[in-house]
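Chemist: Take the sequence shown: its letter number 10 is residue 10 in full-length UniProt numbering, and every next letter is one higher.
For each residue, glycine too, the CB sits at the ideal point set by N, CA and C.
First, the structure itself, so that you have it in front of you.
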Amino acid sequence: MSPAQGARNGPSVTGRVLGILSAFGPGAEALTLSGIARAAGLPLSTAHRLVGELASWGALERGEDGRYRIGLRLWEVGALAPRSLGLRERAMPYLEDLYEATRQNVQLGVRDGHEVVYVERLAHPEAVRVFSRVGGRMPLHATGVGQVLLAYAPAAVQEEVLAAPMTALTPRTITDPYELRRTLAAVRREGVAVCDGMVDLLSLSVAAPVRGEDERVVASLSVVVPSAGAEPRAIVPAVRAAARGISRALGAPSARRRPAGVVSPLPAGASPTGG
């Protein structure tokens, strides 16, 4: 088939299936068949056939209300992604230690293009709200985890982000390329990122890099605490210790040269929120 014929015939079957799956997301966790067809740009009859096949395989599930949701089969396949599977297994003991040490929200993310994808999150019921979710994405420039990943990303990726328009999630979000460049240099120099009110004016995050066996930064973890009264210096040692522990579990030589152990408790008398 010639390119002209392909253009006339529209997206391939694979493209149509991916369009259906892409219709789901935050705020669109449950969709009617007509809603799926509309979001995917497909005729209702085509959507009906493809959605039926996806539901039969388990990629979608149809609830009693007639709406479709992402199925467990798709989650099972996604959980096998190599960057998530081994990382999450090795990271979990340190994430749990960090969670117990701070009693705050703990997150682990990896870079995908110009976004951070969260692969794990431990949320304390009384902690400040967070907008991340497992499998969710955020722009690199706006989050602590993202700034760490961007700071250690290839130079070409950094320049692409710096040259592109940057969304302001709050009035404090860094959107100026010169300011972001300085911030990334500080992250590399200090080995930690502190983002105050960049995603939510009520929250502050402290993030540190996680390295793999070749010393490249493969992930980043963070703790999110209330911005009011927060003292980042009280949180940094625990975050760094957790990041080193995960790096050591992943085989990073630099982490093996330094004591990483389990996460140490916060300094005596220190509170994760400075209160």
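Mapping DSSP to helix, strand and coil, what is Ala193?
Modeler: Locating residue 193 in the sequence shown gives position 193, where the first residue counts as 1. Three-state result, Ala193: strand.
Chemist: With a cut-off of 8 Å, do at least 3 Cβ pairs link the segment 213 to 228 to the segment 195 to 204?
Modeler: Yes: the two stretches touch, three or more of their Cβ pairs being nearer than 8 Å.
Chemist: Pull up the CB-CB distance for Ser220 and Gly109, whole angstroms please, since I reckon it's below 8 Å.
Modeler: Here residue 220 refers to the residue found at position 220 of the sequence shown. Here residue 109 refers to the residue found at position 109 of the sequence shown. That belief holds up - the Cβ atoms of Ser220 and Gly109 are roughly 6 Å apart, short of 8 Å.
Chemist: What residue ranges within the segment 177 to 232 form continuous beta strand (DSSP E) runs of no fewer than 3 residues, ordered along the chain?
Modeler: Counting only runs of 3 or more, we get 193 to 196, 203 to 211, 217 to 226.
Chemist: Just to check my reading of the structure: Arg240 and Ala193 have Cβ atoms closer than 8 Å, yes? What is that Cβ distance to the nearest angstrom?
Modeler: Indexing the sequence shown from 1 puts residue 240 at position 240. Indexing the sequence shown from 1 puts residue 193 at position 193. With a Cβ gap of about 12 Å, Arg240 and Ala193 do not count as contacting.
Chemist: Excluding five sequence neighbours on each side, which residues of the same chain lie with their C-beta closer than 6 Å to the C-beta of Arg188?
Modeler: Mapped onto the sequence shown, residue 188 falls at position 188. So the list reads Ala151, once near-sequence residues are dropped.
Chemist: Taking the alpha carbon of Val119 as the point to measure from, which residue in Met138, Arg103, Pro125 has its own alpha carbon closest?
Modeler: Position 119 of the sequence shown, counted from the start, is the residue given in the question as residue 119. Checking every option, the nearest Cα to that of Val119 belongs to Met138.
Chemist: At 4 residues or longer, and completely inside the segment 123 to 172: list those alpha helix (DSSP H) runs for me, N to C.
Modeler: 144 to 151, 155 to 163, all fully within the segment 123 to 172.
Chemist: For Val145 and Gln107, which I take to be in contact (beta-carbon distance under 8 Å), what is that distance rounded to the nearest angstrom?
Modeler: Position 145 of the sequence shown, counted from the first residue, corresponds to residue 145. Position 107 of the sequence shown, counted from the first residue, corresponds to residue 107. Contact flag correct, Cβ pair sits at about 6 Å.
Chemist: Assign Ser12 to buried or exposed, taking buried as 16 or more other Cβ atoms, counted over all protein chains shown, within 10 Å of its Cβ.
Modeler: Along the sequence shown, one-based indexing puts residue 12 at 12. Exposed, because fewer than 16 other Cβ atoms sit within 10 Å of the Cβ of Ser12.
Chemist: Which full runs of the alpha helix (DSSP H) of 4+ residues lie inside the segment 38 to 111, going along the chain?
Modeler: You should have 44 to 57, 72 to 78, 82 to 102.
Chemist: Would you identify the three-state DSSP class for Gly25, choosing helix, strand or coil?
Modeler: Within the sequence shown, the letter at position 25 stands for residue 25. Looking at Gly25 - three-state DSSP - the assignment turns out to be strand.
Chemist: State the Cα-Cα distance for the pair Val217 and Gly41, rounded to the nearest angstrom.
Modeler: For the purposes of this step, residue 217 is taken as the residue at position 217 of the sequence shown. For the purposes of this step, residue 41 is taken as the residue at position 41 of the sequence shown. Going from the Cα of Val217 to the Cα of Gly41 covers about 39 Å.
Chemist: In the DSSP assignment, find the alpha helix (DSSP H) that holds Ser254 and state where it starts and stops.
Modeler: Residue 254 sits at position 254 when you count from the first residue of the sequence shown. Residues 253 to 256.
Chemist: Taking all protein chains shown into account, do 16 or more other C-beta atoms lie within 10 angstroms of the C-beta of Gly27, making it buried, or fewer, making it exposed?
Modeler: Numbered from 1 along the sequence shown, position 27 holds the residue referred to as residue 27. So Gly27 counts as exposed.
Chemist: Using three-state DSSP, classify Ala260 as helix, strand or coil.
Modeler: Position 260 of the sequence shown, counting from 1, holds the residue named residue 260. No answer about Ala260 holds up, because its pLDDT of 40 lies below 50 and its placement is not dependable.
Chemist: Within 8 Å, do at least three Cβ pairs link the segment 17 to 26 to the segment 45 to 64?
Modeler: Counting Cβ pairs under 8 Å, three or more are found: they touch.
Chemist: In whole angstroms, give me the CA-to-CA distance for Val210 and Ala230.
Modeler: Numbered from 1 along the sequence shown, position 210 holds the residue referred to as residue 210. Numbered from 1 along the sequence shown, position 230 holds the residue referred to as residue 230. Computed Cα separation, rounded: 24 Å.
Chemist: Taking C-beta to C-beta, are Ala30 and Asp65 nearer than 9 Å?
Modeler: The residue given as residue 30 occupies position 30 in the sequence shown. The residue given as residue 65 occupies position 65 in the sequence shown. Yes, the pair counts as a contact, with Cβ atoms nearer than the cut-off.
Chemist: What whole-angstrom Cβ distance do Val116 and Leu98 have, given they're in contact under 8 Å?
Modeler: Working through the sequence shown from its first residue, we reach residue 116 at position 116. Working through the sequence shown from its first residue, we reach residue 98 at position 98. Rounded, the Cβ-Cβ distance is 18 Å, inconsistent with contact.
Chemist: For Leu74, which residues of its own chain have a beta-carbon under 8 Å away from its beta-carbon, when the five flanking residues on both sides are left out?
Modeler: For this step, residue 74 is matched to residue 74 along the sequence shown. If we look at Leu74 and ignore the five residues flanking it on each side, its Cβ neighbours are Leu21, Gly58, Ala59, Leu60.
Chemist: Taking Gly15 as the reference, give the member of Thr32, Thr46, Gly25 with the closest Cα.
Modeler: Position 15 of the sequence shown, counted from the first residue, corresponds to residue 15. For the residues Thr32, Thr46, Gly25, the minimum Cα distance to Gly15 belongs to Thr46.
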